[in-house]
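Let me begin by presenting the structure, written as structure tokens, before commenting on it.
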């Protein structure tokens, strides 16, 4: 894709434990290791897939990167700078560059906000542009994700939209800040196959236009194959395999990856 | 032998905005021991068909036309008391949100035994428990997990328990509505194997509803493709998947992402799904159809018979 591979995100030995089952006296805590010292590196402009089943730690990885959770150990570098424990102004600046698209567009949008409010909110938070400029940015972004004509959608509310349209809104909302790095956490798991394809195409269009980098979190190897340059397979908090999407699907090395490839439904017409 | 014959089924929902024609002119025949899959995008009416067969439609729904003949009896004319005897005993359902289909405050085996006791007057508590044990071994739940509560189960195990519950009264027909949609591929694969196993072993007819075309291909003998409330293509699995004729079926197959072969650019869908309140008279797919011309939007298409077992609702496939 690009001539020189420059690293945008580097994760080193990231470790996260969730504590659960806290009893009244706090004596019997259960610990669940969500991420067991994973390391990975993502290059600028690539779509990197993180594939795994539910509970494997893929969403936790995404949430750690956007700093919705704090890691218990390990290091994260963004653009060469350590972001593991940034706070305040530095964190706000970082969040302008890194955005997340959440899994469930039925929950990630505020039902009381019109689409214009939802999509322009990040601009307000970061104090970008005047009203006129914001309106232009929103209009342009909405058109680019296929919510056109944009003005027709400005004052609609989430309940008036289909699942696919809601996810477009969620994507538009992340795009108004022109982020360098976007984490898409199973953006199509609530959508039909035909709508999923449209969303995938929007994401690759964004990558092409803005040279944005994506971490694409999914449970579907086929979706990762369609969209991603490289993929990593995560299983029970450990990265078991990393490589080009094609290599991993053609010759999976780890038993879990093999099971994943084997279990993928395909058009086999079994002989009666 | 014909178990179920549905003819010209039309179901609609009364809403504040108007009457939604959710299912329009659906006809099919299901033989004993065979499986039929309905596939289509959300809102195409596939769940409504399943609910109509169970006569479990919500209050604002009405069946305007058609007939549903099950074991020679017209279900649509049947009084509620008689229907209750058929439901679950003869026709069981595996619901979409299986996670929520179990009662959280009862042990799983008690819930299934309860279904057996309610429908079989000869069953005793002990015989019902014995049956539950057999059912659990059929769906591969370890016997020592029988007395657990639903929250102690994983998603896949809950789904197995719900399948066991559907099998409890040895029904002649099971309707499975998106039984694997919330599950991971590996668990999905296991559940599909369980479904195929019981279907073969117990000679149960199956109606399998899913938006995942490959899942349907894996499980079902016959396939019905639904779009905007209509059955746009219907035929044997090999016919529909290897020689699809309806442009919607073709597009659906083309948009399926696989792990084999080259990464192809799937055909992107343009346009939106039709508003089913007062739909226009012509073909319901013509706005999104690459083959349509002016004539397609004027009259409603009629079924074209491609082979005696394969039909499609399209002007272009004669």
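Residue numbers (my numbering), protein chains in the order written: chain A, 4 to 275; chain B, 47 to 364.
Glycine included, each C-beta is placed from N, C-alpha and C at the ideal position.
- Short of 6 Å from the beta carbon of residue 207 (chain B), and not among the five residues preceding or following it, lie these beta carbons of its own chain, in chain order: 154.
- Fully enclosed alpha helix (DSSP H) runs of no fewer than 4 residues occupy 231 to 247, 259 to 265 and 283 to 288 of the segment 213 to 290 of chain B, in order along the chain.
- Here the alpha carbons of residue 188 (chain A) and residue 90 (chain B) stand approximately 27 Å from one another.
- Taking a beta-carbon distance threshold of 8 Å, residue 184 (chain B) does not count as an interface residue toward chain A.
- Residue environment analysis places residue 225 (chain A) among the buried positions, since at least 16 neighbouring C-beta atoms fall within 10 angstroms of its C-beta.
- Under the Cβ criterion of 8 Å, residue 302 (chain B) is counted among the residues facing chain A.
- By the criterion of a C-beta distance shorter than 6 Å, residue 259 (chain A) is surrounded in its chain by 238 and 243, once the five residues flanking it on both sides are discounted.
- Residues of chain A whose Cβ lies closer than 8 Å to the Cβ of residue 258 (chain B) are, in chain order, 196 and 268.
- Within chain A, 269 have C-beta atoms less than 7 Å from the C-beta of residue 306 (chain B), given in sequence order.
- Just so you know, the alpha carbons of residue 147 (chain A) and residue 205 (chain A) end up roughly 8 Å apart.
- Out of B:191, B:344 and B:134, the CA that lies nearest to the CA of residue 164 (chain B) is found in B:134.
- Taking one beta carbon from each stretch, the segment 178 to 188 of chain A and the segment 210 to 223 of chain A have 3 or more pairs nearer than 8 Å; the two touch.
- CA-to-CA, the gap between residue 335 (chain B) and residue 229 (chain A) works out to about 24 Å.
- A straight-line Cα-Cα distance of about 14 Å links residue 9 (chain A) and residue 50 (chain A).
- Under the Cβ criterion (8 Å, minimum of three pairs), the segment 278 to 285 of chain B does not count as touching the segment 242 to 257 of chain B.
- For the segment 79 to 112 of chain B, the set of residues with a beta-carbon nearer than 7 Å to any beta-carbon of chain A comprises 87 and 88, in chain order.
- Within the DSSP bridge table, the entry for residue 358 (chain B) names B:279 and B:350 as partners.
- Here the C-alpha atom of residue 359 (chain B) lies approximately 20 Å from the C-alpha atom of residue 256 (chain B).
- When B:264, B:275 and B:299 are compared, the shortest CA-CA separation from residue 200 (chain A) is found for B:299.
- In this structure, the CA atom of residue 212 (chain B) is about 7 Å from the CA atom of residue 220 (chain B).
- When secondary structure is reduced to three states using DSSP, residue 222 (chain A) falls in the coil class, being assigned neither helix nor strand.
- Ranking B:146, B:148, B:142 and B:121 by CA distance to the CA of residue 136 (chain B) puts B:121 first.
- Residue contact check for residue 171 (chain A) against chain B: no CB pair falls below 8 Å.
- Taking the C-beta atoms as reference points, residue 269 (chain A) is found nearer than 8 Å to residue 305 (chain B).
- One alpha carbon belongs to residue 262 (chain B), the other to residue 78 (chain A), and they sit about 45 Å apart.
- Residue pairing by DSSP puts residue 85 (chain A) in a beta bridge opposite A:80.
- Each residue's CA atom was taken as its position, placing residue 177 (chain B) and residue 159 (chain B) some 8 Å apart.
- Annotated three-state conformation of residue 56 (chain B) is strand, per DSSP.
- The segment 105 to 115 of chain A makes no contact with the segment 127 to 146 of chain A; the number of CB pairs closer than 8 Å stays below 3.
- With its beta carbon less than 8 Å from one in chain B, residue 228 (chain A) belongs to the interface.
- Residue 147 (chain A) is outside the set of residues whose beta carbon lies under 8 Å from a beta carbon in chain B.
- With a threshold of 16 other beta carbon atoms within 10 Å, residue 326 (chain B) falls short and is exposed.
- Note on geometry: alpha-carbon atoms of residue 142 (chain A) and residue 332 (chain B) lie some 30 Å from one another.
- Residue state for residue 147 (chain B) is assigned as coil, using DSSP reduced to three classes.
- Judged by DSSP secondary structure, residue 111 (chain B) falls outside any alpha helix (DSSP H) and instead within the beta strand (DSSP E) spanning 107 to 116.
- The contact set of residue 264 (chain A) on chain B, defined by CB atoms closer than 8 Å, consists of 305 in chain order.
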